[in-house]
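Shown next, in structure tokens, is the structure this report addresses.
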Amino acid sequence: MNLTAVLTATTAWVRGISAKTVFSYIMRDPRFDNIPLILETVNPDIWAEEIAWLKSQAEI
């Protein structure tokens, strides 16, 4: 299995609308309260965009 291809596919999926929708539900589900959630990213160039999105979800 080509690790680069897997990471590229995973990164593309994580940035997709489906992944954001699922992550939003997880963030709002009270069953996950007081459980640390970690979001890993492989591209520091989009950290600002991802942090802004996370903050926008906290306001919903």
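Numbering-wise, the working numbering comes out as the position in the sequence shown, counting from 1, plus 960. Using N, Cα and C, we set each Cβ at its ideal position, and we do this for glycine too.
- Phe992 and Ile986 have their C-alpha atoms spaced approximately 7 Å apart.
- The alpha-carbon of Ile1006 is positioned some 11 Å away from that of Trp1013.
- The alpha-carbon separation between Ser984 and Val1002 amounts to approximately 20 Å.
- Membership of Glu1010 in the alpha helix (DSSP H) is indicated by the continuous run Trp1007 to Ala1018.
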